[in-house]
Structure formats: C-alpha cells, structure tokens
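Chains as they are written, first to last, in our numbering: chain Z, 1 to 205; chain W, 1001 to 1205. For glycine and all other residues, C-beta sits at the position ideal for the given N, C-alpha and C. Everything below concerns the one structure shown next.
2 protein chains.
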Amino acid sequence: MNEKIIPDIVVGRLPLYLRALQYMLQEGRHVTSSQELGERLGVSAAQIRKDLSQFGEFGKQGTGYGIDSLINEIRQILNLTIDWDVAVVGVGDIGTAVTRYRGFANRGFRVTMIFDSDPAKIGAQVGEFTVQDSANLETVLRTANVQVAMIAVPASEAQQVALQLVSAGVKAILNYAPISLNVPPGICVQYIDPAIHLQRMTYYL
Amino acid sequence: MNEKIIPDIVVGRLPLYLRALQYMLQEGRHVTSSQELGERLGVSAAQIRKDLSQFGEFGKQGTGYGIDSLINEIRQILNLTIDWDVAVVGVGDIGTAVTRYRGFANRGFRVTMIFDSDPAKIGAQVGEFTVQDSANLETVLRTANVQVAMIAVPASEAQQVALQLVSAGVKAILNYAPISLNVPPGICVQYIDPAIHLQRMTYYL
DNA sequence: TAGATTGTTAATCGATTAACAATC
DNA sequence: TAGATTGTTAATCGATTAACAATC
C-alpha cells in the first residue's frame, strides 16, 4: 500500500546518473543541476527531475543537487551501500577480462570466485583467484551466499549454467553468452552481447 | 517521402530476433511463428508481428515465417549482408577479449585492426593482429575505410579516442569505457558497462 | 474444408515533455 | 531582493496490446 511501483526504465537510468555524478565528484565538483547532468548524458533535464522525484526530494530550488548527497541517495536506492560478491562462471577471454576488470571498484561489486568445467583450467590462477570446478558451483555459492553472477561460458552451456546458478540461490545474472536465457520469475537477467549492439548501429550506416 | 521513419526501439529488437532465428536454424528448424519466437525472447507475439510489418510482409498466414528467409530479410534491413571491418582501440584485457572473440563470425563483423598508445604494447601480437600505434589511427582507418570501432581504453582517454575515430570517418562506436561520450550528430554510439547492468539489477534484490 | 497465423487497426497503456508555482 | 532551479502537474507523444478480417 505504501510501495510505489517504480517503472523499470527509471531504475535503469539511475546507474547512468550515478556514474556521471561519481565522475563529477572526481573532478572536484560539489553541486550540479538537472540541466547540466542531462547535457552530459544526453537526456532531458525534466526527465532527470522526474526520475529522481519518484524516490524523494533530493535537490534544492535555485541551487540544484549536492553531488555527494545525491550519490549516496542513489546508492541507497540501488542497494549499493555495501559491495555485492560476484561469481564468474567461465574462464575464457571474457571471463578472465571481467575477473581482472578494475571498473567494479567503488561501484558496488567485487568478484570473489570463478568457475570453469574444463579440467585444464580448474586450479589455474586468474588474478588473485583459483579457478574452481563448476561441479561444486552450487555448494560453494550457497555457502558463501552469493546472489550475483556473470555467465561467460559458450552459448551452448549458458542455459544449463543459468539454472545451476538459480538453484544455488543467485538472483541476478549478467549473461555474456549470446543467447536468451529462460529463468524462473523473480530472477533478474541482463545481457551483454557486443554483436547485438553493433547490429543495432549498422541499420543507420 | 517514401522513407518511413522506424522507431529506434524497433530497430533495437531486430538483432534479438535475428539471433534467435539463427539459433533455430542451427537446431535444424525451418519455420517458426511470432508466438514461438516471442516465447523464446520474452516478448509478445503481437510486438514481433508489428515490428516486422514495419519493413514488409515476411510471413504466411496459417504457416508462420520461413526461418531462412526471415534471417535474410533482417540481415538486409540491418545492412549485415557483408561483414563490416571493425577497429579495436585499447589492448587491455577487454580489448584483447573482443579481438579474440569468436562470436562475431556469421553476425556481420570482423575485427581487422587493433591499436594502443602504450609503447610496450605496440608491435605485440594479439591473435592474428599486430598492435598498431594509436598515433596512426586516423590515417590507417581512413585508408582502410573502416566505419565501425570499439573503444576499450581507460575512461580518461575514451572521449579523446572517440573524437579521433570520428575524424577518421568512423560512424558507429561501441564504447566499453565507463563514461558517456559526446559525439557529433550522425555518429552512433552504444555502451557496454557491466557495472551499469549489475546496478540495474541490485535494485530488485 | 478446418485450423492456424499473419498483417493491421483501434484502443490502451505508459513515458516524455513543457510549463510553472514554490522556494532556496 | 532577483535569479535560478526544483518538484509536480497536465498535455503530448509514442509504444504496446488486443482483436480480428484476410488468407494460407
């Protein structure tokens, strides 16, 4: 009764706002406006104000938004106040790249375990991690209470891995395999497929 | 006057349809329906029919769509009948992973050149390519008439690289750096930032 | 033919924008 | 105070869905 339903498209823009705000902070800025933020991101000022107003009143008339405080508000909204442990499944080029990726720091995530089913890879070292056997995935994830995972296995294995992750208690999956996953209701899935992004642009060329 | 304007959101779904159709073909299937395709992708049958009808009549009442012919239609629409040469800028973990990525085969793209500004990397071999000096980027891209590029450099360099690419004649940019790019009108940009995708899901956890 | 599925229309639904009173 | 910018409303715009005649 007190729970307003927030459109998913609004939720999806918050991370973009957050990223831009963190940049501004890094630049030593302390306040910004919906107009400035909108120009950076290519969205309208009205949209930013409307989006934020879904969650509260974070600005000051005449002044704008305090960057630091708005960052904290958005972090709270998105449940990013503490880092989420992330499991990576599949230690090919992509799995390796995301495991070593520096870009998660300060953004709410840290990879804490990696898995592969290839005996030649199990036991190997990637960054600070030892590749674990996918066969133990469910037990290990459950024990560590990991709720976020990335799939970086071949497309042919992705669906099966997804179901394993779900039964291990994972609730959010970022899938790098170029295939649509079927998961039970309540499980979030996001996709990264560079070919899809490129194909979307060639229409206009 | 004869050019219907197609909503970008429709264009954005075509690659998903194409990917699913190519999978079906691989499974030995020959026909499908808007309903079946919709179930696979989690979109409504009506939406698929509506989207496709923007471009022509590709189905048969009572039967559905010929998978092979629909694939060819979508390829034509998206300008994917011949492979696009793609330049990769930045040869870190991500740049290396996309350069070696097998997933572009049969989907309209092939990486043909890679660049980095780090003297320690220039001249090195990645897959079948030799890392070229970013300083020569504009000349090399112009000569080869490359119109598609991926940015995989640190965020601090991404904007500058983007402008270099634009002045080299690149029209479509896939940006892996976690920052919004400002480019002139007419230049397409797409973004891949795993943290953004993850942050979008944690709201629901 | 009977059954199935398209292409398309009209209705519904949701998102964006413009505008402005409130107020810092 | 005067200027600036928010939060919010109402109007506009666009996208999705339901429904069905057409037809394979």
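Chain W contact for residue i (CB, 8 Å cutoff)
| i | result |
| --- | --- |
| Z:Leu-80 | yes |
| Z:Ala-149 | no |
| Z:Gln-199 | yes |
| Z:Ser-180 | yes |
| Z:Asp-93 | yes |
| Z:Ile-192 | yes |
| Z:Gln-54 | no |
| Z:Arg-107 | yes |
| Z:Phe-58 | no |
| Z:Leu-21 | no |
| Z:Ser-34 | no |
| Z:Ala-158 | no |
| Z:Gly-42 | yes |
| Z:Leu-70 | no |
| Z:Pro-184 | no |
| Z:Ala-168 | no |
| Z:Leu-18 | yes |
| Z:Ile-114 | no |
| Z:Pro-119 | no |
Cβ-Cβ distance between residue i and residue j below 8 Å
| i | j | result |
| --- | --- | --- |
| W:Val-1091 | W:Asp-1116 | yes |
| Z:Ala-135 | Z:Ile-151 | no |
| W:Gln-1147 | W:Val-1170 | yes |
| W:Ile-1067 | W:Met-1024 | yes |
| Z:Val-183 | Z:Val-166 | yes |
| W:Glu-1138 | W:Ala-1168 | yes |
Residue-level contact to chain Z via CB, residue i, 8 Å cutoff
| i | result |
| --- | --- |
| W:Tyr-1203 | yes |
| W:Val-1011 | yes |
| W:Val-1098 | yes |
| W:Lys-1050 | no |
| W:Gly-1103 | yes |
| W:Leu-1163 | no |
| W:Ala-1172 | yes |
| W:Ile-1196 | yes |
| W:Pro-1007 | no |
| W:Ile-1067 | no |
| W:Ile-1122 | no |
Nearest-angstrom beta carbon gap, residue j and residue i [assumed within contact, 8 Å]
| i | j | result |
| --- | --- | --- |
| Z:Val-11 | W:Arg-1013 | With a Cβ gap of about 20 Å, Z:Val-11 and W:Arg-1013 do not count as contacting. |
| Z:Thr-130 | Z:Gly-123 | 6 Å |
| W:Leu-1174 | W:Gln-1159 | Not a contact, Cβ separation roughly 15 Å. |
| Z:Ala-177 | Z:Ala-155 | 5 Å |
| W:Leu-1080 | Z:Thr-202 | 6 Å |
For residue j and residue i, the rounded distance between their alpha carbons
| i | j | result |
| --- | --- | --- |
| W:Asp-1008 | Z:Val-43 | 16 Å |
| Z:Lys-121 | Z:Gln-132 | 8 Å |
| Z:Leu-205 | Z:Ala-144 | 47 Å |
| Z:Cys-188 | Z:Gly-64 | 34 Å |
| W:Tyr-1017 | W:Ser-1069 | 13 Å |
| W:Pro-1185 | W:Val-1140 | 23 Å |
| W:Asn-1002 | W:Gly-1056 | Because W:Asn-1002 carries a pLDDT of 44, less than 50, the predicted location of this residue cannot be relied on, and no value is offered for it. |
| Z:Gly-59 | W:Ile-1114 | 45 Å |
| Z:Asn-75 | Z:Arg-19 | Note that residue 75 of chain Z is Arg in the sequence shown, not Asn. Cα-Cα distance, rounded: 11 Å. |
| Z:Ile-5 | Z:Gln-54 | 9 Å |
| Z:Gly-62 | W:Ala-1087 | 46 Å |
| Z:Gln-119 | Z:Asp-85 | The question names Gln, but residue 119 of chain Z in the sequence shown is Pro. Looking at the two C-alpha atoms, the distance is approximately 25 Å. |
| W:Ala-1072 | W:Gly-1103 | For the record, residue 1072 of chain W in the displayed sequence is Asn; it is not Ala. Each residue's Cα considered, the two are about 19 Å apart. |
| W:Gly-1038 | Z:Thr-32 | 43 Å |
| Z:Pro-15 | W:Arg-1029 | 40 Å |
| Z:Gly-95 | W:Leu-1041 | 24 Å |
| W:Val-1098 | Z:Gln-35 | 36 Å |
| Z:Leu-181 | Z:Gln-164 | 12 Å |
| W:Leu-1078 | Z:Glu-128 | 42 Å |
| W:Gln-1026 | Z:Ile-179 | 13 Å |
| W:Tyr-1101 | W:Arg-1142 | 24 Å |
Assess, as a yes-or-no matter, whether the region 105-113 of chain Z is touched by the region 1188-1198 of chain W under the definition of 3 or more beta carbon pairs within less than 8 Å.
yes
Pairing CB atoms from the region 81-95 of chain Z with CB atoms from the region 38-58 of chain Z, are three or more of them under 8 Å?
no
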